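Trainee: Following this message is one structure expressed as structure tokens.
There are 2 protein chains.
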Amino acid sequence: MSKAIIDDVAARAGVSIKTVSRVVNRERNVRPQTRARVEAAIAELNYRPRLSARSLAGNRSFMLGLIYGKPGAHYVLDIQEGILEICRPHGYELVIHPGEFRDGDLVNEVSELILDRRIDGVLLSPPISDHMEAIGLLVEAGIPLVRIAPTIDKTAHPFVETNDLEASFELAEVLIGLGHRRIGFITGHPDHRAVGLRFEGYRKALRAHGIAFQGELVTLGDNRFHAGEEGARQLLSLPSPPTAIFAANDEMAGGVIKTALAMGLRIPEQLSVVGFDDAPISRQVWPSISTIQQPIREMAKTATQILLEQLRAGEAEPHPSMHPARVILRESIAPPRTQTS
Amino acid sequence: MSKAIIDDVAARAGVSIKTVSRVVNRERNVRPQTRARVEAAIAELNYRPRLSARSLAGNRSFMLGLIYGKPGAHYVLDIQEGILEICRPHGYELVIHPGEFRDGDLVNEVSELILDRRIDGVLLSPPISDHMEAIGLLVEAGIPLVRIAPTIDKTAHPFVETNDLEASFELAEVLIGLGHRRIGFITGHPDHRAVGLRFEGYRKALRAHGIAFQGELVTLGDNRFHAGEEGARQLLSLPSPPTAIFAANDEMAGGVIKTALAMGLRIPEQLSVVGFDDAPISRQVWPSISTIQQPIREMAKTATQILLEQLRAGEAEPHPSMHPARVILRESIAPPRTQTS
DNA sequence: GTGAAAGCGCTAACAG
DNA sequence: CTGTTAGCGCTTTCAC
Numbered sequence: 001m002s003k004a005i006i007d008d009v010a011a012r013a014g015v016s017i018k019t020v021s022r023v024v025n026r027e028r029n030v031r032p033q034t035r036a037r038v039e040a041a042i043a044e045l046n047y048r049p050r051l052s053a054r055s056l057a058g059n060r061s062f063m064l065g066l067i068y069g070k071p072g073a074h075y076v077l078d079i080q081e082g083i084l085e086i087c088r089p090h091g092y093e094l095v096i097h098p099g100e101f102r103d104g105d106l107v108n109e110v111s112e113l114i115l116d117r118r119i120d121g122v123l124l125s126p127p128i129s130d131h132m133e134a135i136g137l138l139v140e141a142g143i144p145l146v147r148i149a150p151t152i153d154k155t156a157h158p159f160v161e162t163n164d165l166e167a168s169f170e171l172a173e174v175l176i177g178l179g180h181r182r183i184g185f186i187t188g189h190p191d192h193r194a195v196g197l198r199f200e201g202y203r204k205a206l207r208a209h210g211i212a213f214q215g216e217l218v219t220l221g222d223n224r225f226h227a228g229e230e231g232a233r234q235l236l237s238l239p240s241p242p243t244a245i246f247a248a249n250d251e252m253a254g255g256v257i258k259t260a261l262a263m264g265l266r267i268p269e270q271l272s273v274v275g276f277d278d279a280p281i282s283r284q285v286w287p288s289i290s291t292i293q294q295p296i297r298e299m300a301k302t303a304t305q306i307l308l309e310q311l312r313a314g315e316a317e318p319h320p321s322m323h324p325a326r327v328i329l330r331e332s333i334a335p336p337r338t339q340t341s
Numbered sequence: 001m002s003k004a005i006i007d008d009v010a011a012r013a014g015v016s017i018k019t020v021s022r023v024v025n026r027e028r029n030v031r032p033q034t035r036a037r038v039e040a041a042i043a044e045l046n047y048r049p050r051l052s053a054r055s056l057a058g059n060r061s062f063m064l065g066l067i068y069g070k071p072g073a074h075y076v077l078d079i080q081e082g083i084l085e086i087c088r089p090h091g092y093e094l095v096i097h098p099g100e101f102r103d104g105d106l107v108n109e110v111s112e113l114i115l116d117r118r119i120d121g122v123l124l125s126p127p128i129s130d131h132m133e134a135i136g137l138l139v140e141a142g143i144p145l146v147r148i149a150p151t152i153d154k155t156a157h158p159f160v161e162t163n164d165l166e167a168s169f170e171l172a173e174v175l176i177g178l179g180h181r182r183i184g185f186i187t188g189h190p191d192h193r194a195v196g197l198r199f200e201g202y203r204k205a206l207r208a209h210g211i212a213f214q215g216e217l218v219t220l221g222d223n224r225f226h227a228g229e230e231g232a233r234q235l236l237s238l239p240s241p242p243t244a245i246f247a248a249n250d251e252m253a254g255g256v257i258k259t260a261l262a263m264g265l266r267i268p269e270q271l272s273v274v275g276f277d278d279a280p281i282s283r284q285v286w287p288s289i290s291t292i293q294q295p296i297r298e299m300a301k302t303a304t305q306i307l308l309e310q311l312r313a314g315e316a317e318p319h320p321s322m323h324p325a326r327v328i329l330r331e332s333i334a335p336p337r338t339q340t341s
């Protein structure tokens, strides 16, 4: 068990502790020879700088914070692991903060994170990435942040994004291309703005193909499975039900599938279904769901890289970064039945 | 923005910093009156002790570590949030470490966690809770730990557990009670020992009801959806296929359902399916899966409480704690068809 | 019960 | 390029 401290290393290498510090912190202005000696000493003693000491003296914590909403377990975990993959090798730890969008506590939690933990930087995942109050707090405190997939106010802060709108336009076009004209839509949670863009993509596709938008074909969802079930029940009970349903995420698309099957419909023969996210559920239901794959993990990695760079440079440029999503076609779609019910 | 430090508080309250420290740390031997004065000063100044300073001086980090394997996103997230719910109010942060069971790096990561971060205590979730090498390392370093749902060596360390074996015995009995005699089983990942107990429960139930165990009705799984698909394909292709399939977790049960439906079978009329975990997927497929609900989040909470208590007391008693699981019946089961295929 | 002094192990100025 | 001197803000002795 190594109890070596910086003085031990300095003594062993025959230099001052400051030089050791320089080597550890990868500062320049150290003769290669000296650096090598110090590094050898570090290795021999299995020295590791005590984080708390570094934090106290250097006034930084080597910790990053992730504040996330609740957009589904796999989404959060993907982001989390994407971040870790990048920040660990750079000596940064991650502390995680679940936060409810509408919860007043979020603001408290954020200030706690800043005040107590002296977090060096923060990553905001949807829908918190649109929580301007929390962002304001961070900015005020001078804490660097990167927003993951924000939809509003995309000017002042660095962020990473994907093309929700274009991708859902494309997916809607696939349905139209198959011959569907009555296409239902189940919207996402209103707080989760990125999901709102998917609705835009759907409308834009209708417009582009001269199909009139019909309000009765839209139901309000909240990103959860249950909303898909409800929405499907509602849409499929219409006098003239849709031949296809586009749910704003896979979770809800799964709900649509379950309800449709329970109602005795055959998919895709009698109803086509598409979702969004390429969530596990899209592969696990039968029939599997056509969807859109978002590079969530990659976005998280890029966001972390941007954040670390900012910490290094002290800069805070907007620095946007785009990770395109792509359509994935599976079993849940087919041309609409000609005529008959 | 509060920049108050302990000296400010001491001055404001007219006491020495040591007394402030005593109040902050809830030590006894402070006159109630003095305590009140100090607390008032703390509130007025919105003082929050700087963690890094506390860590450096007190030689503890106020951070807990979670080392987890990969037993599915919802499982991990449940554990994570259970831990946070308890440790946050006590001023502890959580740092998370994904770790592969078979990965040699796990040991390195653990020592890093100990050496660099001076983690105060560690929670081990399955299957890492059975990783005796990692545990040995922690013990050697004198880091308190609590194991979540371990299956081996349950003597030396505190742990929380559930009754996997009894619960699956019960679930298997439900199938037998319905009249099933040929019941297939898809086993879990061999590293994930807790899941192994579910197989034991199944065998025990067969034995208890005088049904001969048949090796051909068992396939080896790995807890993942795909293994359920494969296993079902194999079992349902037998000359005399099972009338029911028990998968060691819901993920695999979902795979069974998908495959069975794709093969044109009707569930539960032609095949009953049960799983384990009460994972979201068990509610989201059609028909929904009968399963066993484990109090995962509760286990995590109890584990954290035990850990915090240990940190306070400096004790490390085995201190086991049992959270019973319970059977949940849903649409996926029915009596076997009499006679005909 | 309370306080004074002495660090915890490191980084941040400044010298050289 | 390298070393010296001060702290960072708290907890710990050990007095009183």
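Residue numbers (full-length UniProt numbering), protein chains in the order written: chain A, 1 to 341; chain B, 1 to 341.
Quick reminder that beta carbons are idealized off the backbone N, C-alpha and C, glycines included.
All values derive from a computational prediction rather than experimental measurement.
What number of angstroms, rounded off, separates the C-alpha of B/Val20 from the C-alpha of B/Gly58?
Mentor: 15 Å
Trainee: Whose CA, out of A/Ile119, A/Ala167, A/Phe185 and A/Thr304, lies closest to the CA of A/Arg147?
Mentor: The shortest Cα separation from A/Arg147 among A/Ile119, A/Ala167, A/Phe185 and A/Thr304 belongs to A/Thr304.
Trainee: Mind checking A/Ala334: buried by the 16 CB within 10 Å criterion, or exposed?
Mentor: buried
Trainee: Can you say whether A/Ser240 is buried or exposed, counting buried as having 16 or more other CB atoms within 10 angstroms of its CB?
Mentor: exposed
Trainee: Measuring CA to CA, which of A/Ile296, A/Arg297, A/Lys258 and A/Ser332 is closest to A/Pro268?
Mentor: A/Ser332
Trainee: Using a Cβ cut-off of 7 Å, which residues of the stretch 296 to 317 of chain A contact any Cβ in chain B, in chain order?
Mentor: Taking 7 Å as the Cβ-Cβ cut-off against chain B, none of the residues of the stretch 296 to 317 of chain A qualify.
Trainee: Could you have a look at A/Glu93 and say whether DSSP puts it in helix, strand or coil?
Mentor: Of the three classes helix, strand and coil, the one that applies to A/Glu93 here is strand, per DSSP.
Trainee: I want to verify the contact list: residues of chain A whose CB lies under 9 Å from the CB of B/Val15, in sequence order.
Mentor: Result: empty, since nearest Cβ-Cβ is about 23 Å, beyond 9 Å.
Trainee: Measure the C-alpha to C-alpha separation of A/Val139 and A/Leu145 and round it to an integer number of angstroms.
Mentor: Straight-line Cα distance between these residues: approximately 8 Å.
Trainee: Kindly list the residues whose CB is nearer than 7 Å to the CB of A/Arg233, restricted to its own chain and excluding five residues on each side of it in sequence; keep chain order.
Mentor: Thr259
Trainee: What is the DSSP secondary structure of A/Pro98, reduced to helix, strand or coil?
Mentor: In the three-state reduction of the DSSP assignment, A/Pro98 falls in the strand class.
Trainee: Going by DSSP in three states, A/Gly275 sits in which element: helix, strand or coil?
Mentor: coil
Trainee: Strictly under 7 Å for the Cβ-Cβ distance: is B/Lys258 near chain A by that measure?
Mentor: yes
Trainee: Per DSSP, what kind of secondary structure is B/Ser129 in: helix, strand or coil?
Mentor: helix
Trainee: Measuring alpha carbon to alpha carbon, tell me which residue in A/Ala4, A/Ala13 and A/Arg22 is nearest A/Thr38.
Mentor: Looking at the sequence shown, residue 38 of chain A is not Thr but Val. Here the closest residue by C-alpha is A/Ala13.
Trainee: Within this structure, are the beta carbons of B/Leu217 and B/Gly188 separated by less than 7 Å?
Mentor: no
Trainee: Looking at chain A, is there any beta carbon in it that lies within less than 7 Å of the beta carbon of B/Leu124?
Mentor: no
Trainee: May I ask you to report which of helix, strand or coil DSSP gives A/Leu165?
Mentor: helix
Trainee: With a threshold of 16 other CB atoms inside 10 Å of the CB of A/Ile128, please say whether the residue is buried or exposed.
Mentor: buried
Trainee: Indicate the three-state DSSP secondary structure (helix, strand or coil) for residue 344 of chain A in the structure shown.
Mentor: Within the shown structure, residues of chain A are numbered from 1 to 341, placing residue 344 of chain A beyond reach of any answer.
Trainee: Suppose only complete runs of 4+ residues qualify. What are the alpha helix (DSSP H) ranges in the stretch 154 to 200 of chain A, listed by chain order?
Mentor: 164 to 178
Trainee: What's the gap between the Cα of A/Ala262 and the Cα of A/Glu229?
Mentor: 10 Å
Trainee: At a Cβ threshold of 7 Å, is A/Gln270 touching chain B?
Mentor: no
Trainee: For B/His180, which option in B/Leu165, B/Tyr202 and B/Asn29 has the closest C-alpha, if you only look at C-alpha atoms?
Mentor: The residue among B/Leu165, B/Tyr202 and B/Asn29 with its C-alpha nearest the C-alpha of B/His180 is B/Tyr202.
Trainee: Chain B partners of A/Lys93, CB-CB under 7 Å?
Mentor: The identity of residue 93 of chain A in the sequence shown is Glu, whereas the question assumes Lys. What A/Glu93 touches in chain B: Val95 and Arg117.
Trainee: Given this structure, state the Cα-to-Cα distance separating A/Phe122 from A/Leu311, to the nearest angstrom.
Mentor: A quick correction: the sequence has Val, not Phe, at residue 122 of chain A. If I take the Cα positions, the gap works out to 11 Å.
Trainee: With DSSP run on the structure shown, which of helix, strand or coil describes B/Val30?
Mentor: coil
Trainee: Report the neighbours of B/His323 on chain A: residues whose CB is nearer than 7 Å to its CB, in chain order.
Mentor: Chain A residues near B/His323: none, gap ~21 Å exceeds 7 Å.
Trainee: Name, please, each residue of chain B whose Cβ falls closer than 8 Å to the Cβ of A/Glu81.
Mentor: The answer, in chain order, is Pro98.
Trainee: Tell me, which residues are paired with A/Gly121 by DSSP?
Mentor: A/Leu64
Trainee: Say whether the stretch 205 to 213 of chain B touches the stretch 164 to 180 of chain B, bearing in mind that this needs 3 or more beta-carbon pairs closer than 8 Å, one atom from each stretch.
Mentor: yes
Trainee: Quick check on A/Ser55: does DSSP put it in helix, strand or coil?
Mentor: Looking at A/Ser55 - three-state DSSP - the assignment turns out to be helix.
Trainee: What residues are listed by DSSP as bridge partners for B/Ala247?
Mentor: B/Ile186
Trainee: According to the neighbour-count rule (16 or more other Cβ atoms, all chains shown, within 10 Å of its Cβ), is A/Pro49 buried or exposed?
Mentor: buried
Trainee: Can you find a C-beta in chain A that's less than 7 Å from the C-beta of B/Lys3?
Mentor: no
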